[in-house]
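Visitor:
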Amino acid sequence: MSLLFKIGFLEISIVNMIDIALVAALLYQIYKLLKGSVAIKIFLGFLSIYLIYLLVGALRMELLSSILGQFMGVGVIAAIIIFAPEIRKFLLLIGRTSFLSDENFIKNYLFFWKKRASTNFSINPIIDAAKTLAGGNTGALMVISKSTELKFYAESGDILDADLSKRLLISIFNKYSPLHDGAVIIHGGKIKAARCILPVTEREVPAQFGLRHRAAIGMSEATDALILIVSEETGQVSMAKNGKVIHNMSFQDVRETLNAYLHNEEVDSRFENLESYETMKKRKMAMTSKS
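For the sequence shown, position 252 matches number 232 in the working numbering, and the numbering has no gaps at all.
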């Protein structure tokens, strides 16, 4: 173990620096995951109690140390129960960024003679359907996935496995259709399922965002899919990815973003954090009131 430097009696090595960097990265990811939710306050409460426990242990306060020790003994189980949704999101985050997340990994990589199916397909039906739905103020929620079929979420609705078409999408989201309530999952040029139930985000969202937007943001937090939303109230088109949104998009922007996503180009920089979106909205309102 190569020694880098010493601080008093402490000997700091390369392994120690790597260890500290990894712990810092882990804590930062946990903070990002919990930021904006009530769970961050609970997490800080647990962290404060743990730091107090270490302090009283170092000061050899036997009685207080034993009481806090008993609390910390059951604290792990309590944390698992309290943070169950956050732990699930964290594991989903790790799973979707892993090379093993591709359900066709063995077929595509180990059996290298198998050709990988192309994720590219014509997005014209999606764009044309969104135009028609937005023009008629018909709400819609479309999940476009390039990596997996999202079978877990598809099975929450009705499996279709139908060719992607404008007429079918319009028919599904027709207000009198039994399939209109929920989301459509699109993968590989197929409408895999309709009337799907999506996870709703637990973060605070801008007041003008309804349940469709909350479900779209929640789905984008749990998967690497791109979600297209058509607002029933305003007819505006939005997109969500990785917990971020682009609001009130033109159809040219929708086409460019969707094409870039399907061609594995970087699109995350196009999306805005919910916090920054709310701040920008307040600034615009303030400038409008002044003028």
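Every residue, glycine too, gets a C-beta built ideally from N, C-alpha and C. Bear in mind the structure is a predicted one, so any value in this text is a computation, not a measurement.
1) If you reduce the DSSP assignment to three classes, tell me which class Ser106 lands in.
2) Tell me Asp143's beta-bridge partners as DSSP assigns them.
3) Quick check on the burial criterion: 16 or more other C-beta atoms within 10 angstroms. Buried or exposed for Pro158?
4) Tell me where the beta strand (DSSP E) around Lys131 begins and ends.
5) Quick test of your reading: Lys126 and Leu144, contact by CB under 8 angstroms. State the CB separation rounded to the nearest angstrom.
6) Let me know the secondary structure DSSP gives Asp248 once reduced to three states.
7) Go ahead and pull the three-state DSSP assignment for Met(-3).
8) Do Ile165 and Leu238 have their beta-carbon atoms positioned less than 8 angstroms apart in this structure?
9) For Phe210 and Lys221, I'd like the C-alpha separation in whole angstroms.
10) Is it a yes or a no for the stretch 238 to 251 touching the stretch 212 to 227, going by three-plus beta-carbon pairs under 8 angstroms?
11) Let me confirm a value: Leu178 is counted as buried when at least 16 other C-beta atoms fall within 10 Å, else exposed. Which label applies?
12) Looking only at its chain, what residues have a beta carbon closer than 6 angstroms to the beta carbon of Ala195, apart from the 5 residues adjacent to it on each side?
13) When DSSP builds the beta bridges, which residues end up paired with Ser46?
14) With distance defined between alpha-carbon atoms, name the residue in Gly162, Ile(-8), Thr128 and Glu212 nearest to Thr203.
Guide: Concretely, from the data shown:
1) Reading off the sequence shown, one finds Ile at residue 106, where the question assumed Ser. Three-state DSSP puts Ile106 in a helix.
2) Lys170
3) exposed
4) Not the beta strand (DSSP E): Lys131 falls in the alpha helix (DSSP H), residues Lys131 to Ala134.
5) Not really, about 14 angstroms apart at Cβ, beyond 8 angstroms.
6) helix
7) helix
8) no
9) Going by the sequence as given, residue 210 is Val instead of Phe. So the alpha carbons of these two residues sit roughly 15 angstroms apart.
10) yes
11) buried
12) Leu178 and Val180
13) Note: Ser46 sits in no beta bridge, so no partner.
14) Thr128
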